[in-house]
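Take my numbering: the last position of the sequence shown gets the number 326, and nothing is skipped along the way.
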Amino acid sequence: MQNTGTEEQETEKQFVVDVNIIFSGVLSRKEIFKTVFSEYKLYTPDFAFIELNKYREKILNKAKKIDADDLRSFTLFVFSKIVVVPDYLISKKSYIKAERLAKIIPGKKSVHC
């Protein structure tokens, strides 16, 4: 079977999103986030929910300036577009690769293991 490049194109449209991207998308509600969350296959590890809970008060304080229905609607949209991956499915090899990649991102400290 001949490779048409479709599989490669699909792989290029898949990303793991950091919880900070989720925060930014929910709080800003900018159209660019709708585009990104719609056009790409996005994954986040389940421990992103721990981070979301950890900063819940901070998020809610920032969200006070936002219409509650608008915030709820956008949040549901964002989370409908993200695949949450259970931590136990992430291999040690993937964590090592993520750690290596995170080191080249300015300001990024480490990857949760």
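For each residue, glycine too, the CB sits at the ideal point set by N, CA and C.
Are the beta-carbon atoms belonging to F287 and V239 less than 9 Å from one another?
yes
In terms of residue numbering, what span does the beta strand (DSSP E) encompassing I303 cover?
From DSSP, I303 is part of no beta strand (DSSP E); its letter is neither H nor E.
Among all the DSSP beta bridges, which residues are the ones paired with A257?
Sequence check: residue 257 is Thr here, not Ala. Bridge partners of T257: V297.
On the three-state DSSP scale, how would you describe V249?
helix
Give a single yes or no on whether I309 has its beta carbon closer than 8 Å to a heavy atom of the ligand NAD.
Inclusion of the ligand NAD in the displayed structure is not the case, the ligand content being empty and no account of it being possible.
Nearest to L302 by CA position, among I234, P258 and Q227, is which residue?
Comparing Cα positions, the closest option is P258.
Between the stretch 262-271 and the stretch 242-254, do at least 3 Cβ pairs fall closer than 8 Å?
no
CB-CB under 6 Å to Y256, same chain, minus the five flanking residues each way: which ones, in chain order?
V229, V296 and V298
If you follow the beta strand (DSSP E) that V239 is part of, which residue opens it and which one closes it?
Note, V239: premise wrong, no beta strand (DSSP E); alpha helix (DSSP H) at V232 to S241.
Quick one: what's got a C-beta closer than 6 Å to F250's C-beta in the same chain, skipping five residues either side?
V291 and K294
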